[in-house]
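Notes for the one structure printed next.
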Amino acid sequence: MDPTTADAPIPLTEAFLDVLRGKLGDLVDASATTRAVYSTDASNYRIVPGAVLMPRTKDDVITAVGIAREHRVPVTVRGGGTSCAGNAVGPGLVIDFSRAMNRVLSVDPVSATAVVEPGAVLSTLQREALPHGLRFGPDPSTATRCTIGGMIGNNACGPHGLSYGRTADNVVSMTWLTGSGEVITAGSGPEALAAVPGLDAFVAENLAVLRTEFGRFGRQISGYSLEHLLPENGRNLAAALTGTEGSCGMLLEATVGLVPQAPAPALAVLGYADMATAADDVPHLLPLRPLALEGLDAQLVDVVRRAHGDGAVPTLPGGGGWLIAEVGGATSAEAVEAARALVAASHAADSVVLPAGPEATRLWQIRADGAGLAGRTADGKQAWPGWEDSAVPPERLGDYLRGLRALLAEQGLSGLAYGHFGDGCVHARIDFPLDAGGAPMRDFLARAAALAAEHGGSLSGEHGDGRARSELLPAMYGPEALRAMEAFKALLDPEDVMNPGVVVRPAPLDADLRRPGARRLRATDGFAFAHDGGDVTDAVHRCVGVGTCRADLRGRGGFMCPSYTATRDEKDSTRGRARALQEMLNGGLVTEGWSSPEVHEALDLCLSCKACANDCPTGIDMATFKSEALHQTYKGRRRPLSHYTLGRLPQWLRLLAPLAPVVNLAGRVPVLRRTMMALMGADPRRSLPPLPARPFRWSGAGKTASRSDGPEVLLWVDSFSDALAPDIPRDALEVLTAAGCDVEIAAPGACCGLTLISTGQLTAARAKLRTTVDLLLPHVRAGRTVIGIEPSCTATLRSDLVELLPDDPRAAELAGAVRTVAEFLTSIDWTPPQAAERLLVQPHCHHYAVMGYEADRSLLRSMGCDVEVSAGCCGLAGNFGMERGHYEVSAKIAQDGILTRAAAHPDRRILADGYSCRTQVRDLAGLESRHLAQIIAEALRR
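Next comes the structure, spelled out in C-alpha cells:
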C-alpha cells in the first residue's frame, strides 16, 4: 500500500465496499461529495479517501476494521478534522467518530473522572463537568469542535497544559482496538503491559533508549511517547498510546481524569519589544506558577483590528509581542493581586491587568482564533501550517525564536508567531509559496527541524507529526529510537493497516500537497474577490480547516454555521463547502467546474447568511461562493424555477400590488395557496406573504419630505419595506423627523438586487446596482447620509456593491455613506424616547455579519429596554427557507433558535428588523414582531 499519491488508484475495491455496505448499510458513504469533503483536514495535505464510515457503536467500528484488514485497506480515524499535520486524511477508509459516537457517557465527581466516546467534543465534556466544579485540564484553542479522541490521538495540550499537563497525563484508561483486531483495556500499573503480547519484552530490550531519547522535556510530542512504558513511569500503556496518531489502533472509549475549576482567574498582559524578548522572560515567570502563559504577536491583533475595528480588541499594553499570563485566586480580588505580583516579577516594558470579564474573554478569543488569523501574513500573503507546532525547553525559547526568525529571513519567508510559551511551544503559519510546489517548504522544514533539535526541542509540541513532520523524525531521534518506534507499532498493528505513512515508514512531507495541485482561477464576470486580488483560488483556500464552523457559537453570540448546527453533516459546514470547492480546483474528483453536482450538493443548504465572513477567523464568505457558483453555472442557461420567481421578487411585487385583494384571498384558501407556492418553486407548506392594501410609495408619505436644519438624510425605502411592510418606512420617517433630520425619500427604482445576488443572477444584479448608484449618489454628494430600513438590503450596499462594481469608484463612495437606523441615530446628538420594553431580539444575519449589532444594542439600552438577543440565524434567510427542499432545515434552525427562546420568554416582545425573520416567526409559530423603527415610533407617540 503506497499512501503517497492522492490521485493514484485508491487501495479500496468494490468487493470491499460491497462487504462493508452489506454489514453496515448506510453508515458507509462513498459518494464523490463526501469523499471530496473528507479529502483534507486542517493541514496542507489532500488525500481522497475511498469511503467514509460514520459508526454508531463500538461493534460498527470493530466490524469495519476487521473487513478492512481482510481486504488490506488502510484505515484512518478522524474526530473534528482539525489536525494541522495531516494526521486525519488517508486513502482507504476514513472513520468519522464525531457524527454519532460523540457522547459523554458519565461524569463521576467523587473520583473526578468522566467516561467518553471518541467523538465527544471537548466543550461538551467541559459543560457536563462544570456543575461539579470540574473540567478536563488540557484545552486546545479548538475546544468547541475538537474531540477527545482527536486530543488523545495527538496528545493535545492547549494553554492550560502548563498547569494540568498533556492529554497523556489526564487519561486514566482506554478501550482500544488494535490493528490486528483485538479489543484491549489500556491502563497503567504492574500488569498493564500484559494487554499487548510481547510488550513487556519490548520494554526490557529497549530500556536504555527509552530512558535516554524519550521524555526529555514536557512538550516532546513528536514520535511515540514510549517513556511512559518504563517501570519508573508506572508502565502506563494508556499514556504511551496517547499521541500515536491513529497509527497503532484506535480509541473506542476513554476514562479521563478531571481537575478543579479555577474559581476566578485574572490576566496579566505583558508587553515586550518583540516575541523573542517576551520569550526570554518566561523562565522568570514560571516560578510564580501561572495557570497559563501564552505568547501573542502584536501583528495578529492588528489582523483583528483591520477586520472588526478597534472595539473588537481589549485594552493592551504597548509592544510588538505580549505574554498573557493567567493566574488564579479564591476570589477575583485575590487573582488580580496575584496578576499584579506577576507583573512586578516580570521584565515587561508595559502591562495591563484584566480581571475575569468581557475584556479578558475577548483577548482569549483572539488567542484561540490564532490559527485562522495567522492564515494571512502581515502583508496579506497566504500562510500555511507545516512548522506550526515546534517546541523547545522554555529556557531555550528566546534563542530558538531568534534563530527561527533568522531562518525565515534567509529564505525570504515570514509568519506570525503565538503559542504556549510557558511550555516552550510555538505556533506559526508561514507563507510557503505552495502554489509553486513543495520544494521551498521541504528545504525550510529540514533546516527548522535541525534548529529545533539543536535547542533540545521537538518537531511537534501538541499537534503530532502526521504527514508534515514524520519524515523529519531522524533530526531528533537516533536510529535505535526510530527502530523502537517501528517495533512498538508492529506489536499493535503488524499489517500496517492503521494510518500508514504516519510516524513509522513516513510518506514524503511534500507528497499529497493540496495547494500545488489547484488550478489558478481568476475572477471574471461575477464577484471581484478583491480581498484576494481577484484570485478565486486564493479566496477558496482562505479556509485552512480550523473548523470554527463546526462549533455551535450561539452561546457566545455567534451565528455560524446554521446549516451545520441543524444537520451535523460535514458537507453542510463552511469548511465542507470550501473543501468541495477546493476539489473543484484540483479536478481529480470534482470534474465539471462550477457546474459540478458535488459543488451544488455542498452549497445547497448554505443559507447565504454571511455569518462565516464575520465568525470564521479566516474571513471566508460562503454566500459569495454560492452566488458565484449559481452565476457561472446558469448564465445563458435555463435556471431553476425559484430563480425566476423568488429571485425576481421585487418585480413580481410591483406587478401584483394592484391585485393585492385577490392574491391575499388566494393565500387564505389552502389548495390555491399550495398551488401558487408550487408554481413559484416554493415549499407548499409555506404561507403566502400578505400584501398590503397600499404600498408605501402609493401613499402620501412616500412622496413627501421632512425639512429642517438638522442632519440631512436620504431615506431609502427598499422593495420589501415598500411592497410588504409599508408601516415601517412610515415609522422610520416619523422617527427621523423627530430626531430633527432633514429627510428626503429616495426616488423609486433604487434596488440593491439582493434576490438576484442570492440566486446568482449577477449580470442583472450589476445592472440594478448601477442604476441604484446613479439614483442615490447625487444625494450623497450633496451631503446626505443614506438610511437603510431592511438590513439585508443595507448590507448589500455596504458589501456586495463594491464587489460587483469593482471598477466603478462611485460604488465605494456610496457604500461608505449607507447607515442603519441605529447607526445613524447613535451618531447624532439626539435623545431617544424611553420605552422600557422587555424585548427578544432576532438580528438579521447580514446585519450581524456586515454592520454589526452594537449600535442597535446601544440605542435600545439608552431607551431603557431590557434586551435579550437570540444569536443565530432565524432559518428563513430570504429565498432559502421558501424554496422547495429546504423547509425541514429552515424550520429546525428556527426551532433550535428564536422559537425556543420565544417559548422560554413569553413576556418579551420580538424585535426583528429583517422581513424574512419576521416572516419566519409568524409562519412557523404565529408570533408577531416589530422593526426597531416601529418600537421607537411607538415610544414617541406615548
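In the numbering used here, the protein residues as written are 351 to 1292. We put the beta carbon where it would ideally sit given N, CA and C, even for glycine. Here the structure is a predicted model, which is why all the values come from computation and not from measurement.
So which of the options has the shortest CA-CA distance to residue i?
{"i": "Thr1170", "options": "Val693, Thr492 and Tyr1203", "result": "Tyr1203"}
{"i": "Asp815", "options": "Leu580, Gly678, Gly573 and Leu1006", "result": "Gly573"}
{"i": "Ala1108", "options": "Met1232, Asp519, Pro844 and Asp647", "result": "Position check: residue 1108 holds Ser in this sequence, whereas Ala was assumed. Residue Met1232 is the option with its Cα nearest to Ser1108."}
{"i": "Thr681", "options": "Ala612, Ala834, Ala889 and Leu809", "result": "Ala612"}
{"i": "Pro705", "options": "Thr1025, Ala689 and Leu403", "result": "Ala689"}
{"i": "Ala618", "options": "Leu643, Val387, Ala1254 and Pro610", "result": "Leu643"}
{"i": "Val677", "options": "Ala1253, Thr494, Val1130 and Pro509", "result": "Pro509"}
{"i": "Cys434", "options": "Leu620, Val693, Gly725 and Arg385", "result": "Gly725"}
{"i": "Ala1073", "options": "Arg1044, Asn452, Val398 and Lys839", "result": "Arg1044"}
{"i": "Leu591", "options": "Asp630, Thr517, Gln649 and Gly645", "result": "Thr517"}
{"i": "Ala818", "options": "Leu795, Cys1224 and Met848", "result": "Leu795"}
{"i": "Leu646", "options": "Gly661, Ala623 and His658", "result": "Ala623"}
{"i": "Tyr984", "options": "Phe552, Ala628 and Leu1106", "result": "Leu1106"}
{"i": "Arg656", "options": "Gly908, Gly867, Pro1039 and Asn964", "result": "Asn964"}
{"i": "Pro1000", "options": "Ser913, Val890, Leu1164 and Ala1114", "result": "Ala1114"}
{"i": "Ala1097", "options": "Thr407, Phe1046, Ser1142 and Pro1141", "result": "Phe1046"}
{"i": "Ala380", "options": "Pro664, Met404, Ala392 and Asn394", "result": "Met404"}
How is residue i classed by DSSP in three states: helix, strand or coil?
{"i": "Gly539", "result": "coil"}
{"i": "Tyr388", "result": "coil"}
{"i": "Gly1133", "result": "coil"}
{"i": "Trp526", "result": "strand"}
{"i": "Gln732", "result": "strand"}
{"i": "Glu1296", "result": "This structure cannot settle anything about residue 1296, because the visible part of the chain is limited to 351 through 1292."}
{"i": "Asp446", "result": "strand"}
{"i": "Thr354", "result": "Caution applies to Thr354, whose pLDDT of 37 falls short of 50 and renders its modelled position unreliable; the model cannot decide the point."}
{"i": "His813", "result": "coil"}
{"i": "Glu777", "result": "Looking at the sequence itself, residue 777 is His, so the reference to Glu does not match. Reduced to three states, the DSSP call for His777 is strand."}
{"i": "Arg755", "result": "helix"}
{"i": "Trp714", "result": "helix"}
{"i": "Thr1121", "result": "helix"}
{"i": "Ile315", "result": "The structure shown has nothing for residue 315, since the chain only spans 351 to 1292."}
Got a sec? Which residues, its chain only, sit under 6 Å from residue i by beta carbon, not counting five neighbours each side?
{"i": "Pro1183", "result": "Ala1289 and Leu1290"}
{"i": "Glu1094", "result": "Ala1055 and Leu1064"}
{"i": "Leu801", "result": "Gly753"}
{"i": "Pro967", "result": "Asp719, Gly722 and Leu723"}
{"i": "Val398", "result": "Ala356, Arg385, Ser389 and Leu939"}
{"i": "Asp352", "result": "Residue placement at Asp352 cannot be trusted, given a pLDDT of 37 that sits under 50; what the coordinates show is reported in the next sentence. Excluding residues within five positions, none has a Cβ falling inside 6 Å."}
{"i": "Asp1216", "result": "Arg1188"}
Would you check if the distance between the CB atom of residue i and the CB atom of residue j is smaller than 9 Å?
{"i": "Thr594", "j": "Gly499", "result": "no"}
{"i": "His981", "j": "Gly1110", "result": "yes"}
{"i": "Leu903", "j": "Thr494", "result": "yes"}
{"i": "Gly1103", "j": "Thr1122", "result": "yes"}
{"i": "Met625", "j": "Val425", "result": "no"}
{"i": "Ala733", "j": "Gly765", "result": "yes"}
{"i": "Val546", "j": "Leu580", "result": "no"}
{"i": "Gly430", "j": "Thr497", "result": "yes"}
{"i": "Val1085", "j": "Val1136", "result": "no"}
{"i": "Gly811", "j": "Asp739", "result": "yes"}
{"i": "Gly442", "j": "Val411", "result": "no"}
{"i": "Leu635", "j": "Leu692", "result": "yes"}
{"i": "Arg900", "j": "Ser448", "result": "yes"}
{"i": "Asn505", "j": "Ile571", "result": "yes"}
{"i": "Thr1269", "j": "Pro1039", "result": "yes"}
{"i": "Leu859", "j": "Ser820", "result": "yes"}
Using 10 angstroms around the beta-carbon of residue i, count the other beta-carbons present and answer buried if the total reaches 16, otherwise exposed.
{"i": "Ile1248", "result": "buried"}
{"i": "His350", "result": "The chain is shown only over 351 to 1292; residue 350 falls outside these bounds and no answer can be derived."}
{"i": "Asp1068", "result": "buried"}
{"i": "Val460", "result": "exposed"}
{"i": "Glu331", "result": "Lying before the first or after the last residue shown, residue 331 is absent from the chain, which here runs from 351 to 1292."}
{"i": "Ile1178", "result": "exposed"}
Closer than 7 Å by C-beta to residue i: which residues in its own chain qualify, once you throw out the five before and the five after it? Chain order, please.
{"i": "Val854", "result": "Ser597, Met835, Glu836 and Lys839"}
{"i": "Asp781", "result": "Thr727, Lys731, Gln732, Ala733, Leu763, Ser764 and Gly765"}
{"i": "Gly483", "result": "Pro610 and Gln611"}
Residues in its own chain within less than 8 Å of residue i by CB, not counting five upstream and five downstream?
{"i": "Ala365", "result": "His421"}
{"i": "Ser1049", "result": "Pro1076 and Arg1080"}
Does the Cβ of residue i lie closer than 8 Å to at least one heavy atom of the ligand SAH?
{"i": "Ala961", "result": "Questions concerning the ligand SAH fall outside what the structure shown contains, since it holds no ligand whatsoever."}
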